[in-house]
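Colleague: Below is one structure. I have some questions about it.
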Ligand code: NAD
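Following this line, the structure appears as structure tokens:
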């Protein structure tokens, strides 16, 4: 497949040069074809995702992968005309009566590299934004979801010409060659480590990149928080897709005397969500044996280093299920507290003063998301003002990602750039500033020779 890649890319580039102006009608037609293709492929994709994860409930796949993808496509269709409008810009006094405008323009051929955790949504949401902006797209889905990636490839090949959207499947070698292509924009979702490599490859071509990365997103229980509610929403955010969510709360900071009550409340909520423990049909499997072994190792090290571990029942049956675990007050130098967990393990850490909690978060990489639980406005604002993260949900987890009216992206080690709704359209457009000069204008005044100019100005 990889030998095909440059020729697919060149064909797209030629097609873009032949049709650099992409009308509203063409864009709308492409988005509609994507919507219809998704409607048709939905049952196949739901089965493929469940198979790739060894099990994932249709409801979960529907909510996170299918519905969010439809949402992005439909939002783009609804607002396309307004987003494409040429924007009149005020002319500064000294340049009047020249006119200024910003013209959103397609960039050309863009690359999208997707991870495995929400394999449909993290492929189709950027594609929808790129099509809305009038681009042609090459997609490289994850090799760890082979069935879903194949279903996506079939779905797209059926509905689009190869010079509109092409799907390139393959592992890290193919991915690396993919990110070497001189795209007009490269959109990467995945780990911070691979994001660095992608940024380096893109830099060699001076290709602009959007990096949607991961990291350790904290949840903070402030003194005024409703503990039971917080525990329930953290338990949900941590166990959705078995914790394999980029914006899952990675760990939770709680006032020292509330560690016990918090652990009880989180475990209580998990038991209500999953009455048959890890074997519950609503609880997803772990993507591969290797990822499962990694989670086991994280937990073993925590136990070996003396941390208390409380665990939901694992049961027997599907061996790729990993029973959710709480780890109380673990040492900070273990892998669990150094790496993004990306699984259903929740460290619960004590703090003595809010300042200590702020310092804890500020002393680490900027997270992708931050969750503050507080009834008191001043406690909420303390975090909003004094922490930097990609996004924030106050008194809940994960849900800010679903707002197509908000840009979604990271900051620093959790990424750069943003998408969703209008932000996605702008990411994949060149917002071209244009000035139209008029015949008779006073700017001739600044042309040399400058004799006497000072006096006139
Ligand atoms: P990953 O970085 O291992 O892989 C992502 C993609 O990059 C895959 O398609 C893979 O084939 C490709 N890839 C691998 N090596 C490459 C290379 N050298 N050059 C170019 N591409 C390469 O990530 P993953 O394990 O699939 O996903 C989990 C990570 O993604 C977590 O860190 C998670 O937080 C992050 N994530 C972020 C978001 C977000 O929106 N910010 C969403 C989902 C996942």
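In this note's numbering, the protein residues as written are 5 to 461. All C-beta atoms in this analysis are idealised placements derived from N, C-alpha and C, irrespective of residue type, glycine included. Quick caveat, the model's predicted, so the values are computed rather than measured.
1. Run through the DSSP bridge pairs and tell me what residue 338 is partnered with.
2. Counting pairs of Cβ atoms below 8 Å between the region 326 to 337 and the region 275 to 284, do you hit three or more?
3. In three-state terms, what does DSSP make of residue 314?
4. Can you tell me which of the three DSSP states residue 307 falls into?
5. For residue 172, which option in 162, 240, 153, 186 has the closest C-alpha, if you only look at C-alpha atoms?
6. How is residue 5 classed by DSSP in three states: helix, strand or coil?
7. Once the 5 residues before and after residue 84 are set aside, which same chain residues still bring their CB inside 7 Å of it?
8. Would you identify the three-state DSSP class for residue 441, choosing helix, strand or coil?
9. Might you give, ordered along the chain, the residues of its own chain that have their beta carbon closer than 8 Å to the beta carbon of residue 35, omitting 5 neighbours on each side?
10. Below 8 Å on the Cβ atoms is my guess for residue 263 versus residue 354; work out the distance and round it to an integer in Å.
11. Locate the alpha helix (DSSP H) running through residue 153, then write down its first and last residues.
12. Measuring straight from C-alpha to C-alpha, what distance separates residue 221 and residue 452?
13. Who are residue 103's beta bridge partners in DSSP?
14. Starting from the C-beta of residue 293, find all residues in its chain whose C-beta is less than 8 Å away, skip the five residues before and the five after it, and write them out in chain order.
15. Have a look at 395, 120, 123, 144 and flag the residue whose alpha-carbon is nearest the alpha-carbon of residue 174.
16. Leaving out the 5 sequence neighbours to the left and right, which residues in its chain are closer than 7 Å to residue 432 when beta-carbon positions are compared?
17. If distances are taken between C-alpha atoms only, which option among 336, 47, 437 comes closest to residue 109?
18. Which of the three DSSP states, helix, strand or coil, is assigned to residue 144?
19. Using three-state DSSP, classify residue 59 as helix, strand or coil.
20. Taking the alpha-carbon positions, what's the residue 180 to residue 168 distance?
21. Taking all protein chains shown into account, decide if residue 348 is buried (16 or more other Cβ within 10 angstroms of its Cβ) or exposed.
22. Is residue 383 helix, strand or coil by DSSP?
23. With 16 as the cutoff for other CB atoms within 10 Å, does residue 316 come out buried or exposed?
24. Does the region 50 to 65 come into contact with the region 381 to 396, if we say contact requires no fewer than three beta-carbon pairs (one atom in each stretch) closer than 8 Å?
25. If you drop the 5 nearest sequence neighbours on each side, which residues of the same chain put their C-beta closer than 7 Å to that of residue 146?
26. Rounded C-beta distance between residue 229 and residue 377? I'm assuming under 8 Å.
27. Is it buried or exposed, residue 402, if we count other Cβ atoms within 10 angstroms and call 16 or more buried?
28. How about residue 93 and residue 106: do their beta carbons lie closer than 8 Å?
29. Could you tell me whether any non-hydrogen atom of ligand 1 is closer than 7 Å to the CB of residue 147?
30. Would you verify that the beta carbon of residue 148 is, or is not, closer than 8 Å to some beta carbon of chain B?
31. Is it buried or exposed for residue 90, if we count other Cβ within 10 angstroms and need 16 for buried?
32. Is residue 396 close to ligand 1? I mean its beta-carbon at under 7 Å from any heavy atom of the ligand.
33. Using a Cβ-based criterion (distance less than 7 Å to any ligand heavy atom), does residue 152 qualify as near ligand 1?
34. Please say whether residue 64 and residue 245 have beta carbons closer to each other than 8 Å?
35. Terminal residues of the continuous beta strand (DSSP E) containing residue 196?
36. Give me the DSSP bridge partner(s) of residue 216.
Modeller: From the atom records:
1. As DSSP reads the structure, residue 338 sits in no beta bridge.
2. yes
3. Looking at residue 314 - three-state DSSP - the assignment turns out to be strand.
4. Here residue 307 carries a helix assignment [DSSP, helix/strand/coil].
5. 153
6. Caution applies to residue 5, whose pLDDT of 46 falls short of 50 and renders its modelled position unreliable; the model cannot decide the point.
7. 28, 31, 32, 136
8. coil
9. 77, 80, 81, 84, 132, 135, 136
10. 5 Å
11. 150 to 163
12. 58 Å
13. 440
14. 324
15. 144
16. 111, 114, 133, 134, 137, 139, 189, listed in sequence order.
17. When only C-alpha atoms are compared, the closest one is 437.
18. strand
19. coil
20. 22 Å
21. buried
22. helix
23. By the 10 Å Cβ count, residue 316 comes out buried.
24. no
25. Closer than 7 Å at Cβ, skipping near neighbours: 118, 119, 120, 123, 153.
26. 4 Å
27. buried
28. yes
29. yes
30. Within the model displayed, chain B is absent; a lone protein chain is all it includes.
31. exposed
32. Checking the Cβ of residue 396 against ligand 1 gives no.
33. Checking every heavy atom of ligand 1 against the Cβ of residue 152, none is found closer than 7 Å.
34. yes
35. Counting along the chain, residue 196 falls outside any beta strand (DSSP E), though it belongs to the alpha helix (DSSP H) covering 196 to 209.
36. 193, 419.
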